[in-house]
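Participant: Before anything else, here's the structure in question.
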Amino acid sequence: MFLHAIQTLMKGRRLRCALYFAMAAALVITVRAQTPAGTGPGSGVSRELARSRAARLSDLHYDLAFDLERGSRETHGVETLKFNLKDVSTDLPVDFRDATLDQVKINDHILPSELRDGHLLLPADTLQLGENTLSLRFTSRVEAAGAAITRYVDKEDGSEYIYSLFVPMDASMAFPCFDQPDLKARFTLTIDAPTAWTVISNTAPVRKTSSGAVSQTVFSETKPISTYLFAFAAGPWVRVHHTPGLSDVYVRHSQVKRAEPEVPELQTITQRGMTWLADYFHQPFPFPKYDMVLIPGFPFGGMEHAGATFLREDAILFRQAPTASDRFGRDVTTLHELTHQWFGDLVTMRWFDDLWLKEGFAQYMAYRAMDALHPETDPWKYFFEDIKPQAYGIDETEGTTPIFQDIPNLKDAKSAYGAIVYQKAPAILKQLELRLGQAAFRDGLRIYLAQHAYANAEWSDLIAAFHQASGQDVKSWADAWVLRRGMPEVTAVFACSKGQLASLSLHQRDVLPDNFVWPITTDVLLQEGGGGEASRSRMLHATLDKADASISVPRDTPCPSFIYANAGDYAYGRFLLDSQSAAYLAPPEKTDARDVPLTQIREPFLSSQLFTALWENVRKADFAPSRFAQLALIDLDHESDESISRILGGHLATAFHAYISPDGGSGLRATAYEITRRRMLQAPSLGLRIVSFRTFVSIADGPRAWSDLNDLLSGKLTIPGMELRPLDRWNIVGKLISSGSPLAADAFAAQQKTDQSSDGLKYAWAVQAGRPDSAIKADYFAAYTLSPKDPAAKPEDWLTQSLRPFNSWNQQELTEPYLKRALAQLPEIKRDRKIFFLGAWLGAFLGGQTSMTALDDVHAWLGQSDIDPDLRRKVLENADELERTIRIRTRFPE
Ligand SMILES: [Zn+2]
């Protein structure tokens with residue numbers, strides 16, 4: 056396996072920091088009896104442990120030295136940790152797991168190098184009031200996967216890159232520490248590494264001294280930061296487009312050419328975002344510098360280490376021909392991580408139950424910043440299309456949680472990450488800003504950031520700041536939205552008389568059986584005419600605090616053709632079309648675009664909202680998926696908005712692969728082939744052609760489509776203005792493989808020969824998981840269940856990439872037998888994998904199934920008594936879509 060190809064070990068004279076020798080010299084012999092078994096703090100970091108330590112400890116400073124060698128699966132380090140104590144009555148646990156210790160000394164006492172349940176216990180009688188000094192040596196793991204420090208070998212030039220990723224509590228896999236967000240510390244870092252390497256960390260290096268093949272880089276002391284925000288990256292990174300006054304961007308050596316045209320755009324949005332955010336927050340950028348490092352195979356889109364954000368290389372350097380949506384998404388990712396420097400890094404949540412505070416605001420502020428910097432991109436339409444549906448998709452399931460999530464132990468914090476935090480939290484902030492007003496919302500944030508700078512805070516602190524800024528009571532609103540799970544489903548009911556609107560009311564219903572009622576502020580659109588040029592609209596502002604709310608209607612309001620109760624998308628909830636509006640917008644049987652008002656709406660945001668509302672009717676099994684597909688195709692044939700085309704293309708794929716049975720909709724499938732093919736080749740803008748290409752690949756099936764795909768690969772068929780990039784090509788090859796095309800083998804061989812890059816190897820491995828062959832499935836599943844510590848284990852991003860092909864929608868007979876085993880694997884995944892892997896795993900294994908047998912397997916797993924509650928919730932989240940699919944197919948058998 057190439058990631059473990061051992062390279063010649065560089066054994067130059069190692070530079071050691073003076074600390075190491077000082078430690079070895081002064082020995083005071085104190086041997087202390089071990090703490091009796093069973094009295095330790097248990098594994099992970101419990102909330103009780105965190106609280107007790109936060110009450111005792113202050114003024115922390117870590118002086119750390121790591122020794123990074125090429126090809127080595129471990130790093131040796133030296134640490135001095137200074138801290139103040141105001142209580143020495145009990146032992147003090149220091150977190151460190153999956154690693155080893157040596158020469159442990161606390162104050163003048165030598166301790167055994169013993170770890171218990173992932174902790175080093177500092178006995179009470181070795182501690183002193185005031186300053187304490189812990190010094191030790193440690194060895195921790197550097198692996199391709201499953202470690203806090205990851206090694207990546209670039210197949211293109213053999214270069215090796217090492218980076219740390221500690222969120223939420225993996226700093227304690229790398230070095231001994233108090234691994235909780237509210238014990239902020241100043242860090243001083245020294246790294247010994249091959250001289251050819253560049254090392255990047257939270258602060259700028261103060262010196263680099265070289266001794267032949269090995270160099271030592273010493274970094275200046277950080278501001279107080281949480282352990283999960285401390286980071287370093289080492290390797291032959293190249294600083295691309297270095298420009299004084301702009302952030303530096305580091306890229307691996309082999310990707311410099313790809314990066315050169317993209318980096319200036321990244322630097323510009325960062326620079327403009329920094330100026331705008333500093334002004335909005337009324338706080339200068341809080342750290343001494345800001346770099347971005349593009350990490351290959353990074354498991355997240357980005358991670359906001361203070362002063363040194365790590366971004367997934369593929370999120371910045373597109374592997375596919377990019378659309379406007381892709382470029383918008385890249386800017387949002389960049390601004391999201393940048394916002395965290397204030398919201399998360401400067402002011403950090405006290406505990407991970409308030410994870411949403413940093414994620415919700417980073418996400419919301421990224422869109423708010425885009426609205427200020429690039430209003431022409433229509434950010435709030437993207438917010439509606441890309442943020443909210445993911446939140447609704449979870450919040451309508453029994454697996455959902457409140458935004459505020461109880462986390463008794465940090466080892467369970469990974470499960471808190473998901474759409475509720477990343478999508479629902481920003482969505483309710485949009486509603487909150489509407490309620491408070493823009494100025495009070497901004498002033499509240501300013502108060503909060505100023506009051507808690509370089510420290511920690513909780514949601515209650517932010518509520519207090521909003522109260523101070525606005526004079527409004529936010530608490531009851533917040534209790535409903537932050538502490539309660541679920542969401543409302545809202546429908547309008549209206550009646551007309553003599554051409555006038557006689558009455559209008561809004562009805563809200565809890566989508567879950569909790570019967571909860573939410574406070575909602577919304578704008579109701581009343582539209583006369585179809586939304587074309589001759590149409591007129593009126594807006595009524597409405598506030599709901601009960602299940603049925605009657606809206607006062609001004610006199611002489613004409614009877615509307617249709618009503619949409621969440622214009623501007625300020626409210627959070629599933630807003631359905633009432634039966635009158637649905638019948639008007641999408642009249643039954645009509646197939647000519649001119650007779651279908653839904654496809655004639657001129658305003659893209661409204662058009663997107665109405666299609667989404669109708670799609671929700673489909674997902675509720677109230678509207679036939681085949682009719683929706685028909686309407687989507689009528690619209691797609693002339694749609695001029697790129698992201699509406701993208702969204703409808705996604706719904707088409709879901710309809711064809713899941714909601715409409717494989718035997719049904721043959722005429723529709725043929726129409727879809729014709730329309731998406733034509734749009735891919737002839738749509739008026741490149742973005743529309745690229746989006747149509749992706750839909751075409753996604754729904755392509757049968758010899759005609761396969762032949763087109765093959766012609767796209769060979770260049771016989773070309774899309775005007777679009778050059779296929781490697782991932783576009785691999786997606787085509789993957790499609791030919793998973794659909795069992797006889798053209799697949801040759802296409803694969805040709806593509807494999809062309810693309811020998813590290814990413815090419817990953818894609819080649821991933822697409823083959825889609826081969827309709829039981830022996831192949833067995834091989835891949837064996838690879839999935841290998842421990843990440845196993846030398847033969849594949850990197851995590853390879854596994855992630857292959858999960859969807861493995862579970863191709865048309866291979867359920869082959870994959871359904873693995874569903875039970877996939878569920879049984881969840882505890883290991885939770886323990887060993889990075890944050891988002893579990894969601895990707897469940898999404899793929901459950902998402903590939905549509906049968907009752909599969910649902911029975913899921914129910915059998917859920918019926919066990921001894922499963923972790925957070926895993927149960929994650930399965931319930933994902934099972935919902937399978938249940939929906941079965942319901943839709945039963946109601947509309949086609
Ligand atoms: Zn974030």
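Per my numbering, the sequence shown starts with residue 56, numbered consecutively. Each residue gets a CB set at the ideal place from its N, CA and C atoms; glycine is no exception.
Alpha carbon to alpha carbon, how far is residue 420 from residue 329? Give it in angstroms, no decimals.
Facilitator: Stepping through the sequence shown from its first residue, residue 329 is reached at position 274. Stepping through the sequence shown from its first residue, residue 420 is reached at position 365. Each residue's alpha carbon lies about 12 Å from the other.
Participant: Per DSSP, what kind of secondary structure is residue 951 in: helix, strand or coil?
Facilitator: The chain is shown from 56 up to 949; residue 951 falls before or after that span and cannot be answered.
Participant: Between the Cα of residue 191 and the Cα atoms of 121, 273, 775 and 236, which residue gives the shortest distance?
Facilitator: Looking up residue 191 in the sequence shown gives position 136. For residue 191, the nearest C-alpha among the options comes from 121.
Participant: Closest to residue 534 by CA distance: which of 811, 562, 457 and 924 is it?
Facilitator: By 1-based counting over the sequence shown, the position of residue 534 is 479. Answer by Cα proximity: 457.
Participant: Say the cut is 7 Å; is the CB of residue 417 nearer than that to a heavy atom of ligand 1?
Facilitator: Residue numbering aside, residue 417 sits at position 362 when the sequence shown is read from its first letter. True, at least one ligand heavy atom lies under 7 Å from that Cβ.
Participant: I'd like to check one pair, residue 507 with residue 402: are the Cβ atoms closer than 8 Å?
Facilitator: The residue you call residue 402 lines up with position 347 of the sequence shown. The residue you call residue 507 lines up with position 452 of the sequence shown. Yes. Within cutoff.
Participant: Per DSSP, what kind of secondary structure is residue 555 in: helix, strand or coil?
Facilitator: For this step, residue 555 is matched to residue 500 along the sequence shown. Correct three-state label for residue 555: strand.
Participant: Which residues in the same chain have their Cβ closer than 7 Å to the Cβ of residue 895, if we skip the five residues on either side of it in sequence?
Facilitator: As a first step, residue 895 must be located in the sequence shown, where it is residue number 840. Contacts found: 855 and 858.
Participant: Quick one, are the C-beta atoms of residue 49 and residue 221 less than 8 Å apart?
Facilitator: Absent from the model: residue 49. The displayed extent of the chain is 56 to 949, so no value can be given.
Participant: Taking the alpha carbon of residue 775 as the reference point, which residue from 744, 783 and 796 has its own alpha carbon closest?
Facilitator: As a first step, residue 775 must be located in the sequence shown, where it is residue number 720. Closest by alpha carbon: 744.
Participant: Buried or exposed for residue 257, going by 16 or more other Cβ atoms inside 10 Å?
Facilitator: By 1-based counting over the sequence shown, the position of residue 257 is 202. It is buried - the Cβ of residue 257 has at least 16 other Cβ atoms within 10 Å.
Participant: Taking C-alpha atoms, which residue in 771, 815 and 167 lies nearest to residue 789?
Facilitator: Counting from one through the sequence shown, the residue named residue 789 turns up at place 734. Taking only the C-alpha atoms, the option nearest residue 789 is 815.
Participant: Determine the DSSP secondary structure at residue 155, reduced to helix, strand or coil.
Facilitator: Numbered from its first residue, the sequence shown carries residue 155 at position 100. Strand.
Participant: By how many angstroms is the C-alpha of residue 736 removed from the C-alpha of residue 673?
Facilitator: Taking the first residue of the sequence shown as 1, we reach residue 673 at position 618. Taking the first residue of the sequence shown as 1, we reach residue 736 at position 681. The straight-line gap from Cα to Cα measures roughly 30 Å.
Participant: Relative to the C-alpha of residue 252, which candidate in 224, 504 and 288 has its C-alpha closest?
Facilitator: Locating residue 252 in the sequence shown gives position 197, counting from the first residue. Considering only alpha carbons, the answer is 288.
Participant: Can residue 926 and residue 885 be called in contact, C-beta distance under 8 Å?
Facilitator: Reading the sequence shown from its first residue, position 871 is the one you call residue 926. Reading the sequence shown from its first residue, position 830 is the one you call residue 885. Taking 8 Å as the Cβ cut-off, residue 926 and residue 885 qualify as a contacting pair.
Participant: Note down the Cα distance separating residue 864 from residue 910, rounded to an integer number of angstroms.
Facilitator: Along the sequence shown, one-based indexing puts residue 864 at 809. Along the sequence shown, one-based indexing puts residue 910 at 855. Cα to Cα, the separation comes out at about 15 Å.
Participant: Rounded to a whole number of angstroms, what is the C-alpha to C-alpha distance between residue 108 and residue 467?
Facilitator: The sequence position of residue 108 within the sequence shown is 53, counting from 1. The sequence position of residue 467 within the sequence shown is 412, counting from 1. Distance between the alpha carbons of residue 108 and residue 467: 19 Å.
Participant: What does the alpha-carbon distance come out to for the pair residue 428 and residue 487?
Facilitator: Residue numbering aside, residue 428 sits at position 373 when the sequence shown is read from its first letter. Residue numbering aside, residue 487 sits at position 432 when the sequence shown is read from its first letter. Looking at the two C-alpha atoms, the distance is approximately 22 Å.
Participant: What span of residues does the alpha helix (DSSP H) with residue 425 cover, start to end?
Facilitator: Looking up residue 425 in the sequence shown gives position 370. From DSSP, the alpha helix (DSSP H) with residue 425 extends over 410 to 428.
Participant: For residue 771, is the classification buried or exposed, using 16 other Cβ atoms within 10 angstroms of its Cβ as the cut-off for buried?
Facilitator: Position 716 of the sequence shown, counting from 1, holds the residue named residue 771. Its Cβ having fewer than 16 others within 10 Å, residue 771 is exposed.
Participant: Using 7 Å as the cut-off, classify the Cβ of residue 395 as near or not near the heavy atoms of ligand 1, replying yes or no.
Facilitator: Counted from its first residue, the sequence shown places residue 395 at position 340. Checking every heavy atom of ligand 1 against the Cβ of residue 395, one is found closer than 7 Å.
Participant: Using C-beta distances below 7 Å, list every residue in its chain close to residue 463, excluding the 5 sequence neighbours before and after it, in chain order.
Facilitator: On the sequence shown, residue 463 is found 408 positions in, with the first residue counted as 1. For residue 463, where only same-chain residues beyond five positions count, the Cβ hits under 7 Å are 101 and 102.
Participant: For residue 338, which of helix, strand or coil comes out of DSSP?
Facilitator: Residue mapping note: residue 338 aligns to position 283 of the sequence shown, counting from 1. Coil.
Participant: For residue 464, which residues does DSSP report across the bridge?
Facilitator: The sequence position of residue 464 within the sequence shown is 409, counting from 1. Its beta-bridge partners are 101.
Participant: Let me confirm a value: residue 145 is counted as buried when at least 16 other C-beta atoms fall within 10 Å, else exposed. Which label applies?
Facilitator: As a position in the sequence shown, residue 145 is number 90, starting the count at 1. So residue 145 counts as exposed.
Participant: Please indicate yes or no: does the CB of residue 391 lie closer than 7 Å to some heavy atom of ligand 1?
Facilitator: Counting from 1 along the sequence shown, the entry for residue 391 is found at position 336. Under cutoff, so the answer is yes.
Participant: DSSP three-state label for residue 285, please.
Facilitator: The residue labelled residue 285 in the question sits at position 230 within the sequence shown. Here residue 285 sits in coil by DSSP.
Participant: Indicate, with yes or no, if ligand 1 has a heavy atom lying under 7 Å from the CB of residue 414.
Facilitator: The residue labelled residue 414 in the question sits at position 359 within the sequence shown. Within the cutoff, so yes.
Participant: Taking the alpha-carbon positions, what's the residue 532 to residue 603 distance?
Facilitator: Numbered from its first residue, the sequence shown carries residue 532 at position 477. Numbered from its first residue, the sequence shown carries residue 603 at position 548. Roughly 18 Å separates the two Cα atoms.
Participant: May I ask you to check if the CB of residue 359 is nearer than 7 Å to at least one heavy atom of ligand 1?
Facilitator: Here residue 359 refers to the residue found at position 304 when the sequence shown is read from its first residue. Result yes, Cβ under 7 Å from ligand 1.
Participant: Do the CB positions of residue 579 and residue 606 come within less than 8 Å of each other?
Facilitator: The residue labelled residue 579 in the question sits at position 524 within the sequence shown. The residue labelled residue 606 in the question sits at position 551 within the sequence shown. In this structure, residue 606 lies closer than 8 Å to residue 579 by Cβ.
Participant: Spatial neighbours of residue 445 within its chain, please: CB distance less than 6 Å, with the 5 preceding and 5 following residues excluded, ordered by chain position.
Facilitator: Start at 1 with the first residue of the sequence shown, and residue 445 comes out as number 390. The answer, listed in chain order, is 474 and 478.
Participant: Going by Cα to Cα distance, which pick from 733, 352, 223 and 907 is closest to residue 951?
Facilitator: Residue 951 lies beyond the range of the chain shown here (56 to 949); nothing can be said about it.
Participant: So, for residue 97: in the same chain, excluding its five sequence neighbours on each side, which residues have a beta-carbon less than 7 Å away from its beta-carbon?
Facilitator: Numbered from its first residue, the sequence shown carries residue 97 at position 42. 172, listed in sequence order.
Participant: Between residue 832 and residue 621, what straight-line distance do the alpha-carbon atoms span, to the nearest angstrom?
Facilitator: Walking along the sequence shown from the start, residue 832 turns up at place 777. Walking along the sequence shown from the start, residue 621 turns up at place 566. Taking the straight line joining both Cα atoms gives about 46 Å.
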